[in-house]
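Following: one structure in structure tokens, then a few remarks.
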Amino acid sequence: NVVDLRVVLPSGSVVIADRCTNKDLFWALRGGGGGTFGVVTHMNYKLHKATPIVRFQFNLGSYSNNTTVVSSFLKYWAEVGPTLDARWGGRFSWFGLDLFFAGYQVGANSFVNDFLDWVEETVDLPAVVNANTTKLYTSWSKVLPDLEETAGNSYVADTSFSRLVPYKFATDNVLQSYQLMESLALSRTMGYSNFLLGEAINEVSDEDTSVNPAMRESAFLLTANKIGYEKMLEVLPNNMTGSSKNHVGSLEPEWRASIWGDHYDRLLNVKKLVDPLNILNCYQSVGFVGDEADIYNVNSLPGQPTNTPKGPLTLQDSSGAPVVSVGVTLATFLAVVTTYALAIC
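Take the position in the sequence shown, starting the count at 1, then add 656; the result is the number in this note's numbering.
Written as structure tokens, this is what we have:
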């Protein structure tokens, strides 16, 4: 939905990136992550008409400690979740659902009623059947204040990891998908926030943005701690899928392939073009140079980037001719960007 971006490059140049101008930079900024291509000062988004939202919440309560109930719930979810109407999305875990439907309640009721019927017939626990709420909103912007209180509480970068579950895997290997969820849940290694990505995410072409192509072909995003993540990697390795930049662990192994998949090499080429001196050097970002650690090597935690240049940087005009040569450090660059940002506010 981004139409264009105004970006201050590491050279100090200010450029516009959109589908026609600086197309590679525009592509990289939409999913490249980490802010290592430049500093975005302006952006324009395509707007959409306000859409009503139905929020459906369900909680197993004390029965989330009942392994039989949890297993039955996850088996149902593994079967039904990937087949839901494309307008559904949201979060889930072993203890319940927190889902959002983009539309009117009459559209949401198809799943809600079927699910509650299944709960009543299968679980047969009145306390569980009644442990659900449905709330209506006039637009997505009205939902956000209700999410602010819990935002970020269930995800800690140092101890949390994630894996995308391909839509094809989730539908063709339902039993294996369920067994993975069950294993994570019963061992209490599953994260509190796992995501139903919604079928609409698959409607975007792999090449439209620079996120891992696996993102555009996935039904779920599963999260786990280190122990659970090792289980997930066995079932969902990088040659099958990957992770999400928004939920990647700081000790992610092979993070370049995990976060960006086949897109990393192209992203690195864009990085070298716009930041040849690697001024913007950030851990787990495109072009990073420095110490690294992962879940298999936790005794050597990442230190400060080791390749932040301090030599002269030659600025060029539109013809490519040198304008001025200045000594640039990261602090100098940020000072320039700050001054520029203040000037245009």
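Glycine residues also receive a C-beta, built at the ideal position from the N, C-alpha and C atoms.
What is the DSSP secondary structure of Q832, counted as helix, strand or coil? One-based indexing of the sequence shown puts residue 832 at position 176. Three-state result, Q832: helix.
DSSP three-state label for I857, please. As a first step, residue 857 must be located in the sequence shown, where it is residue number 201. If DSSP states are grouped into helix, strand and coil, I857 belongs with the helices.
So what's L877 in DSSP terms, helix, strand or just coil? Within the sequence shown, numbered from 1, the residue matching residue 877 stands at position 221. Strand at L877.
Would V659 be called buried (16 or more neighbouring beta carbons within 10 Å of its own) or exposed? As a position in the sequence shown, residue 659 is number 3, starting the count at 1. It counts as exposed.
Give me whichever residues DSSP pairs with G745 in a beta bridge. For this step, residue 745 is matched to residue 89 along the sequence shown. Its beta-bridge partners are F756.
Distance, Cα to Cα, A880 vs M846? Looking up residue 880 in the sequence shown gives position 224. Looking up residue 846 in the sequence shown gives position 190. Straight-line Cα distance between these residues: approximately 4 angstroms.
Straight-line Cα distance separating E838 from S727: Counted from its first residue, the sequence shown places residue 727 at position 71. Counted from its first residue, the sequence shown places residue 838 at position 182. Distance between the alpha carbons of S727 and E838: 6 angstroms.
Since H698 sits in a beta bridge, which residues does DSSP pair it with? As a working note, residue 698 is residue 42 in the sequence shown. For H698, which the question treats as bridged, DSSP gives the partners R662.
From L933, Q832, E890 and H903, residue whose alpha carbon lies closest to that of G689: Within the sequence shown, the letter at position 33 stands for residue 689. When only C-alpha atoms are compared, the closest one is H903.
Would you kindly check if the distance between the Cβ of G905 and the Cβ of F817 is under 8 angstroms? Position 161 of the sequence shown, counted from the first residue, corresponds to residue 817. Position 249 of the sequence shown, counted from the first residue, corresponds to residue 905. A contact, by the Cβ cut-off of 8 angstroms.
Cα separation between W796 and P708? Here residue 796 corresponds to residue number 140 of the sequence shown, with the count starting at 1. Here residue 708 corresponds to residue number 52 of the sequence shown, with the count starting at 1. Taking the straight line from one Cα to the other gives about 7 angstroms.
Taking all protein chains shown into account, do 16 or more other C-beta atoms lie within 10 angstroms of the C-beta of Y701, making it buried, or fewer, making it exposed? The sequence position of residue 701 within the sequence shown is 45, counting from 1. Exposed, by the Cβ-count rule.
Please state the DSSP three-state secondary structure of F751. As a first step, residue 751 is located in the sequence shown; it is residue number 95 there, counting from the start. Residue state, collapsed to three classes: coil.
Which of helix, strand or coil does DSSP assign to Y920? Sequence index remark: in the sequence shown, residue 920 carries index 264 (1-based). Of the three classes helix, strand and coil, the one that applies to Y920 here is helix, per DSSP.
Where DSSP assigns a beta bridge to F817, which residues make up the other side? Translated into positions along the sequence shown, residue 817 becomes position 161. DSSP output for F817 lists A880 as bridge partner(s).
Residues in the same chain with beta-carbon distance under 7 angstroms from A870, minus the five sequence neighbours each way, listed in chain order, please. Position 214 of the sequence shown, counting from 1, holds the residue named residue 870. Closer than 7 angstroms at Cβ, skipping near neighbours: L820, P822, T897, G898 and G917.
Three or more beta-carbon pairs under 8 angstroms between the stretch 704 to 724 and the stretch 675 to 682, yes or no? no
In whole angstroms, what is the alpha-carbon distance linking L730 and N657? Here the question's residue 730 lines up with position 74 in the sequence shown. Here the question's residue 657 lines up with position 1 in the sequence shown. So the two alpha carbons sit approximately 33 angstroms from each other.
Opposite I935 in the DSSP bridges: which residues? Taking the sequence shown and counting its residues from 1, one reaches residue 935 at position 279. According to DSSP, which records beta bridges pairwise, I935 is partnered with nothing at all.
Which stretch, first to last residue, makes up the beta strand (DSSP E) that contains S799? The residue given as residue 799 occupies position 143 in the sequence shown. Rather than Ser, the amino acid found at residue 799 in this sequence is Val. No beta strand (DSSP E) contains V799, which DSSP labels as neither H nor E.
State the CB to CB distance for the pair Y719 and V725, rounded to an integer number of angstroms; the pair is presumed to be in contact (CB under 8 angstroms). In the sequence shown, residue 719 corresponds to position 63, counting from 1. In the sequence shown, residue 725 corresponds to position 69, counting from 1. Yes, they are in contact, since the Cβ atoms of Y719 and V725 sit about 5 angstroms apart, within 8 angstroms.
Report the option in L907, S874 and L665 whose CA atom is closest to the CA atom of I883. On the sequence shown, residue 883 is found 227 positions in, with the first residue counted as 1. Nearest C-alpha to I883: L907.
Return the Cβ separation of G943 and L924 in integer angstroms, given the expectation that the two are a contact with Cβ distance under 8 angstroms. Here residue 943 refers to the residue found at position 287 when the sequence shown is read from its first residue. Here residue 924 refers to the residue found at position 268 when the sequence shown is read from its first residue. Contact flag correct, Cβ pair sits at about 6 angstroms.
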